[in-house]
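Protein chains in written order, with our numbering: chain A, 1 to 254; chain B, 1001 to 1254.
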DNA sequence: CGTGAGATTGACTATATTCAACCCTAGTGG
DNA sequence: CCACTAGGGTTGAATATAGTCAATCTCACG
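In structure tokens, the structure reads:
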């Protein structure tokens, strides 16, 4: 479990003990609490707790008891499954506002690992479950988020099942570009990749080598430019999306 | 769009006009209405309508307006996406009690096609949406079903991304065996396949030929036996599941 | 009995994997 | 200050797996 300083950790620090008021929360309007009114927010404020994880560390292992349900406030994590012989498949990329866990289940079906420094806003499971039952605003929002994730998971099935290696890589980069859109220079979109080639490969159902080769090919063809290993420039997002084998604008997101 | 009589349609009949009372409904305790009490059921009874589709026909096309949300009462259908160049990936196999559509969206993101004769129990979308908001029993059940489907979709991502062709076919047959478990003879489990090799291939991210070859290989190895093209006998389900590359009992279902 | 869709089989090919070597960069310690 | 190290990344050659193309089989149905 090496500590790789993705960007914001030049010195290894103890996890910061953040405590943000819900009103100032960066994911206030996108997370599971998005629809909550002032009263409901006050309740959440009382029962929430924060916890941080260093890059590369495990947030939950498949089979673990889930004592908490959480929202990602900051950072990126993966949800994955590993087969007995070591093959691994990432089944979800978790970004700020994404929800971890589900009401009514105590055991995590997947491994969850921090890619970068991750901050979670956590609720004790049973407390939250009670709150879901009594708070339609939360139940409704949770249903909506879950339906969105289901659509995304199904879109991803098309990527895994039918796209070529080049198309897979292009689809992934395009989806990251959309979700993590960095600075929009006149030279194009700057996108920080929150993960190694290995994590990308696990997400795409490819090997590291194939992933690397396809990134190289997209670079050679001018579809992307690299700025170090963890950052790409996308001169023309339309071009990148066209490489993803689906010219429509719908679908194909993580 | 050929009509292939999978099993129960020796003569092509006009779709039967069934009308079951909710109390007698075969999916009463598994569908979106599972938690409803007598009053709620009475309301559903008033607003529901039935519609049947012949095998091979289209229930909804990607991009279509969804005027209704439905539960599958009988039969099997697929949800799939087709790329411009014709590549197709099935993203979900729909069986009795499964729900089609989602509150809050007017347009279907996928094609939905009947594999066998399908009977739907339908609700006009906006009426149902209002009912979801006012009926926690429905909202709760819908959330639970959606979370289950999300888990299944993620499990399937592992199949698509990391299993070999043989493992994919075994995983699929095992999942069907579990969900459609037919008669449990002393010679093993009898499983009716509700689909052609092509539909299987589309579900597994393989070609027809590879799918056929792997079925042949599993047969030669005694893991399965064929009784015609649409029915298999599974002498030992554990053996079949072991072929699916995941020896655990969890996960790996459609 | 002829037809046609679905299924199987074979030969060849393309694509991604495997195995291995090597590069690059940042951090470490002499 | 510079050599050393290690993790991540890239590249090349050989290989395996699934795809493609084409022929053939099967069987329910007309």
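By construction, the Cβ of each residue, glycine as well, lies at the ideal position given by its N, Cα and C atoms.
Taking the alpha carbon of residue i as the point to measure from, which residue in the options has its own alpha carbon closest?
i                       : options                        : result
residue 1189 of chain B : B/1231, B/1212, B/1213         : B/1231
residue 1154 of chain B : A/82, A/172, A/49, A/126       : A/82
residue 33 of chain A   : A/20, A/240, A/49, A/97        : A/97
residue 1113 of chain B : B/1059, B/1029, B/1150, B/1240 : B/1059
residue 1198 of chain B : B/1184, B/1187, B/1229         : B/1229
residue 226 of chain A  : A/139, A/209, A/173            : A/173
residue 129 of chain A  : B/1202, B/1125, B/1144         : B/1144
residue 50 of chain A   : A/38, A/64, A/22               : A/22
residue 201 of chain A  : A/91, A/101, A/52, A/221       : A/91
residue 42 of chain A   : A/156, A/184, A/28             : A/28
residue 1019 of chain B : B/1167, B/1101, B/1052         : B/1052
residue 1184 of chain B : B/1237, B/1025, B/1152, B/1127 : B/1237
residue 1064 of chain B : B/1054, B/1037, B/1038, B/1101 : B/1101
Give a yes or no on whether the C-beta atoms belonging to residue i and residue j are separated by under 8 Å.
i                       : j                       : result
residue 1256 of chain B : residue 1234 of chain B : Outside the shown range of chain B (1001 to 1254) lies residue 1256 of chain B, about which nothing can therefore be said.
residue 1073 of chain B : residue 1120 of chain B : yes
residue 158 of chain A  : residue 142 of chain A  : no
residue 211 of chain A  : residue 218 of chain A  : no
residue 47 of chain A   : residue 99 of chain A   : no
residue 1075 of chain B : residue 1117 of chain B : yes
residue 1062 of chain B : residue 1103 of chain B : no
residue 1240 of chain B : residue 146 of chain A  : no
residue 150 of chain A  : residue 1106 of chain B : no
residue 961 of chain B  : residue 1187 of chain B : Residue numbering for chain B in the displayed model covers 1001 to 1254; residue 961 of chain B lies beyond these limits and cannot be assessed.
residue 243 of chain A  : residue 223 of chain A  : yes
Starting from residue i, find everything on chain B with Cβ-Cβ shorter than 8 Å and list it in chain order.
i                      : result
residue 160 of chain A : 1157, 1160, 1161, 1205
residue 83 of chain A  : 1158, 1162, 1245, 1246
residue 86 of chain A  : Result: empty, since nearest Cβ-Cβ is about 10 Å, beyond 8 Å.
Since residue i and residue j should fall inside the 8 Å C-beta cutoff, what is the C-beta to C-beta distance between them, to a whole number of angstroms?
i                       : j                       : result
residue 1111 of chain B : residue 1080 of chain B : 5 Å
residue 78 of chain A   : residue 95 of chain A   : So it is not a contact: roughly 10 Å between Cβ atoms.
residue 1216 of chain B : residue 1163 of chain B : Not confirmed; about 18 Å, so no contact.
residue 1180 of chain B : residue 1115 of chain B : Wrong, their Cβ atoms sit about 12 Å apart, outside the cutoff.
residue 1035 of chain B : residue 1137 of chain B : 4 Å
residue 165 of chain A  : residue 214 of chain A  : 5 Å
residue 1176 of chain B : residue 1193 of chain B : 7 Å
residue 31 of chain A   : residue 1139 of chain B : In fact, because the Cβ distance is near 19 Å, the residues do not count as touching under 8 Å.
In chain A, which residues lie with their C-beta within 7 Å of the C-beta of residue i?
i                       : result
residue 1150 of chain B : 146, 149, 150, 153
residue 1089 of chain B : 157, 158, 161, 162
residue 1092 of chain B : 154
residue 1075 of chain B : Within chain A, no residue comes near residue 1075 of chain B; the closest Cβ sits about 21 Å away, beyond 7 Å.
residue 1104 of chain B : 144
Using only the heavy atoms of the ligand NAP, determine whether one of them is closer than 7 Å to the beta carbon of residue i.
i                      : result
residue 140 of chain A : Of ligands this structure carries none, so the ligand NAP is not represented either.
Quick one: which chain B residues come within Cβ less than 9 Å of residue i?
i                      : result
residue 139 of chain A : 1136, 1139, 1140, 1143
Pairs of beta-carbons, one from the stretch 1060-1070 of chain B and one from the stretch 1086-1096 of chain B, closer than 8 Å: are there three or more? no
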